[in-house]
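Comments concern the structure below.
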Amino acid sequence: MCMFLEGPMDVNMTEIPMEEIELKFSKYLDVHFGGHWKPKDCKPRWKVAILIPFRNRYEHLPILFQHLTPMLQRQRLQFAYYVIEQVTQL
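Counting from 1, one number per residue, gives the positions in the sequence shown under the working numbering.
Here it is in structure tokens:
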């Protein structure tokens, strides 16, 4: 078990603009452009790709990033987000 993990987390469902999340990522959470992160203080044991199926839920995406990113960072995982947008039939 990872020593950085915490107990239950409070989920804040208040809408937040994507620009605010981008600023928080780059300034405070050290997430690189494109949603990539790896710990600087150790070599990660695992590399994880987070695939997010997306369709017209713009208000939910920043909320997901706001809560999922710190949780993954506490686990010392190297990760990258991939947002896969669904399209209508051609």
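We put the CB at the ideal spot given by N, CA and C, even for glycine. As the structure is a prediction and not an experimental result, all values here were calculated from the model.
Item, Value
"Which residues in the same chain have their Cβ closer than 7 Å to the Cβ of residue 79, if we skip the five residues on either side of it in sequence?", "37, 48, 50 and 72"
"Is DSSP giving residue 75 helix, strand or coil here?", "coil"
"Can you say whether residue 84 is buried or exposed, counting buried as having 16 or more other CB atoms within 10 angstroms of its CB?", "exposed"
"Below 8 Å between beta carbons: does that hold for residue 69 and residue 29?", "yes"
"Would residue 54 pass as an interface residue toward chain D - the criterion being a Cβ-Cβ separation below 8 Å?", "Reference to chain D is not applicable here, since this structure consists of a single protein chain."
"Between the beta-carbon of residue 16 and the beta-carbon of residue 63, is there less than 8 Å?", "yes"
"Go ahead and pull the three-state DSSP assignment for residue 15.", "coil"
"My assumption, with CB atoms under 8 Å, is that residue 66 sits in contact with residue 21. Please give the rounded CB distance.", "6 Å"
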